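Since the structure comes first, as structure tokens, the remarks are kept for the end.
Residue numbers (our numbering): 505 to 652.
Okay, structure coming up:
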């Protein structure tokens, strides 16, 4: 048996958030408010990706749950200066959800992680016909040798 030694870095969980979104409710909101809701909640890139999905309300419900889970992990909720579009959820080449954080959400994330170093957003989205759920872990990564 052999083992590989990897230089470890200290890890710290900054926050954990989850959310559950009713797909039928999302469909109703989209039908009622249309482009206004979509533009206030989802980036152009998210909307472009949604247009290529066979079930757009299901897709949007998953993305909305991810945004809610992120702000819960951050511990702020949607703050006065923060926008839903500050959290963009697209897909990696492998199809995994990837969150890109900008604007006031990024300011808040950096503030949360400032003593620890860089922050990483771990995101998982799942769904069935009725519900979409998302889970977010915010992790601070302290480089090796950096004092706590």
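Glycine included, every Cβ here is placed at the ideal spot set by N, Cα and C. Since the model is a prediction, treat every value here as computed from it, not as a measurement.
Local conformation of residue 547 per DSSP, three classes: Numbered from its first residue, the chain shown carries residue 547 at position 43. Coil at residue 547, not helix or strand.
Where the alpha helix (DSSP H) through residue 561 begins and ends: Your numbering for residue 561 matches position 57 in the chain shown. Its alpha helix (DSSP H) spans residues 560-578.
Keeping to the same chain, check which residues put their C-beta closer than 8 angstroms to that of residue 634; ignore five residues upstream and five downstream. In the chain shown, the residue the question calls residue 634 occupies position 130. Answer for residue 634: 526, 527, 528, listed in chain order.
Run through the DSSP bridge pairs and tell me what residue 498 is partnered with. Residue 498 is absent from the model: the chain starts at 505 and stops at 652.
Do you know offhand how far residue 565's Cα is from residue 618's? Within the chain shown, the letter at position 61 stands for residue 565. Within the chain shown, the letter at position 114 stands for residue 618. Rounded to the nearest angstrom, the two C-alpha atoms are 31 angstroms apart.
Out of 574, 608, 596, state which residue places its alpha-carbon closest to the alpha-carbon of residue 585. Here residue 585 refers to the residue found at position 81 when the chain shown is read from its first residue. Looking at the Cα atoms, 608 is the closest of the given residues.
Residue 509 - DSSP class collapsed to helix/strand/coil: Working through the chain shown from its first residue, we reach residue 509 at position 5. Only weak support exists for where residue 509 lies, its pLDDT of 49 falling under 50; the coordinates are left without a value.
Buried or exposed: which applies to residue 509, given that a residue is buried once 16 or more other Cβ atoms fall within 10 Å of its Cβ? By one-based count along the chain shown, residue 509 stands at place 5. Because residue 509 sits at a pLDDT of 49, beneath the cut-off of 50, its placement in the model cannot be relied upon, and the point is left open.
My assumption, with CB atoms under 8 angstroms, is that residue 631 sits in contact with residue 637. Please give the rounded CB distance. If you number the chain shown from 1, residue 631 lands on position 127. If you number the chain shown from 1, residue 637 lands on position 133. Confirmed, Cβ separation roughly 7 angstroms.
Considering only the alpha carbon of each residue, which of 639, 569, 518, 644 lies closest to residue 578? For the purposes of this step, residue 578 is taken as the residue at position 74 of the chain shown. With distances taken between Cα atoms, residue 578 lies closest to 518.
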